[in-house]
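Quick note on numbering that gives the first Met the number 0: the sequence shown kicks off at 0 and runs consecutively. All C-beta atoms, glycine included, are put in the ideal place defined by N, C-alpha and C. Right, one structure below, let's go through it.
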Amino acid sequence: MNVKRWIALIFAVILLFVSIGINALMSILKTDIFSGFDSLTTTELTETVVEPGSFDERIALLSVDGVIQDVGSSTPWTTLAYDHQMFLASLDQILQDDTVKGVVLYVNSPGGGVIESAEIHDKLVQIKKEKGIPIYVSMGSMAASGGYYISAPADKIFAHRETVTGSIGVIMQNYNYSELAKNLGVEIETIKSGAHKDMFSGTRPSTEEEKAMLQEMINESYEAFVDVVEQGRNMSEAEVKKVADGRILSGSQAMRAGLVDELGNLEDVIQAIRKDHKLEDAELFEYESGFGTFSSLLASKMGTIFGPSAEERLLKKLMSSYESPRLMYLYGQN
0 MNVKRWIALI FAVILLFVSI GINALMSILK TDIFSGFDSL TTTELTETVV EPGSFDERIA
60 LLSVDGVIQD VGSSTPWTTL AYDHQMFLAS LDQILQDDTV KGVVLYVNSP GGGVIESAEI
120 HDKLVQIKKE KGIPIYVSMG SMAASGGYYI SAPADKIFAH RETVTGSIGV IMQNYNYSEL
180 AKNLGVEIET IKSGAHKDMF SGTRPSTEEE KAMLQEMINE SYEAFVDVVE QGRNMSEAEV
240 KKVADGRILS GSQAMRAGLV DELGNLEDVI QAIRKDHKLE DAELFEYESG FGTFSSLLAS
300 KMGTIFGPSA EERLLKKLMS SYESPRLMYL YGQN
């Protein structure tokens, strides 16, 4: 290695020890000093104060930014844009923390998996039922499909005038590459236990019977989505289905349709929950994973020095990835 790489390696090692020391110190402080507070017993999450205030009355600021999918968890070497397990852990933490008196959820997402969206929705409903605290949603540039699904239980939903939302519905897509394979002289051999074992696999066209099977699955998930909006927004089925045909809406259109309460940005939402629920003096905080700035910087440095090249990463992805078609609450899948 040249001099630059040796310097970078030494710097990365120093960061590693500093990061380990800080995480160890935080664990000791949480265990010994704050052992009486349920909200600090989960060492995987740390808290960052956004706006100082009373520790006895606090507002949790949560964020869903990106596609709602469970693709693993962040590590000291890789940080995910959206970490589903970390987000669920944040919701569990709120359930255990009696100092949290309100939740502001920032949603900037085109949606994602049906299961992941339902997991978030169910946790938010549980928080409302068990803790009786308000949940306000601030929509970013997009809160569509699954992004709206997780917003529906909120006490109030705010959107920008230009927010892309709606897209209430379910989608399942796949590529049928059988003709392409045929043109390339590739013969697809399949040995299966039943006539439908390879349905919607992309290796052959789907039969009408198989399309009907898949449509039945889609319809069931769609009705579940409609029910969520009905319950969350206190709307009738007919009112929801007027706009639940997959169409996207602007924030102002969604407000006229009853899907959004007010137009405003994140700061407006924070001020509204403070005013509406007498939380003017409450501390505003957000959760972060245990892998902080030092670890992120360390990951970047170590990845540069020892990590695979871009070509190696691409080859690994092509060789190892296999994603079956799945039901999605997602706008703009392909």
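When only Cα atoms are considered, Val239 and Tyr328 end up about 16 Å apart. In the three-state scheme derived from DSSP, where H, G and I count as helix and E and B as strand, Glu215 is classed as helix. For the 8 Å CB-CB criterion, Met138 and Ile156 form a contact. Only residues of its own chain outside the window of five on either side were considered, and among them Glu229 have a CB closer than 8 Å to the CB of Ser235, listed in chain order. Put simply, of Val268, Gln95, Asn264 and Leu87 the residue whose alpha carbon is nearest the alpha carbon of Gln68 is Leu87. DSSP places Gly139 inside the beta strand (DSSP E), whose first and last residues are Ile134 to Ala143. The DSSP assignment places complete alpha helix (DSSP H) segments of no fewer than 4 residues inside the region 244–276 at 250–255 and 265–275, in order along the chain. Between His159 and Leu262 a beta carbon distance of about 7 Å is seen, short of the 8 Å cut, so the two are scored as contacting. Setting aside the 5 residues that flank it on each side, Asp267 is surrounded in the same chain by Phe157, each with a C-beta closer than 7 Å to its C-beta; the list follows chain order. In this structure Val63 is not in contact with Glu285, their Cβ atoms being roughly 12 Å apart against a cut-off of 8 Å. Distance between Thr189 and Ile114, taken at the CA atoms: about 30 Å. The beta carbon of Ser53 sits closer than 8 Å to those of Asp280, Ala281 and Glu282, all from its chain and outside the five residues before and after it, given in chain order. In the DSSP assignment, the residues bridged to Lys155 are Tyr135. In this structure, Ala151 lies away from Gly110, with their beta-carbon atoms at least 8 Å apart. Pairing Asn175 with Pro204 gives a Cβ-Cβ distance under 8 Å.
Contact fails between the region 190–209 and the region 268–279, because fewer than three Cβ pairs, one in each stretch, are under 8 Å apart. For Gly165, the closest of Leu61, Phe224, Val99 and Asn264 by C-alpha to C-alpha distance is Phe224. Per DSSP, Phe86 is one residue of the alpha helix (DSSP H) stretching across His83 to Gln95. Leaving aside the five residues that flank Lys191 on each side, the residues in its chain whose CB is nearer than 8 Å to its CB run, in chain order, Asp197. For a cut-off of 8 Å, the C-beta gap from Ile149 to Leu179 is around 37 Å, too long to register as a contact. Secondary structure of Glu222 (DSSP, three-state): helix.
Around the CB of Arg273, 16 or more other CB atoms lie within 10 Å, so the residue is classed as buried. Nearest C-alpha to Ile93 among Asp55, Met212, Asp121 and Ala59: Ala59. Pairing Tyr147 with Ile9, the inter-Cα distance amounts to about 47 Å.
Residue state for Lys210 is assigned as helix, using DSSP reduced to three classes.
Under DSSP, Tyr328 takes part in a beta bridge, and its partners are Gly111. The Cβ neighbour count for Met216, taken over all protein chains shown within 10 Å, is under 16; the residue is labelled exposed. For Leu179, the enclosing alpha helix (DSSP H) stretches over residues Ser177 to Asn182. In this structure, the CA atom of Glu161 is about 7 Å from the CA atom of Ser251. The beta carbon of Asn107 lies closer than 8 Å to those of Ser62, Val63, Asp64, Gly65, Met138, Gly139, Ser140, Met141, Ala142 and Gly146 in the same chain, with the five residues before and after it left out.
Per DSSP, reduced to three states, the secondary structure at Lys241 is coil, with no helix or strand assignment.
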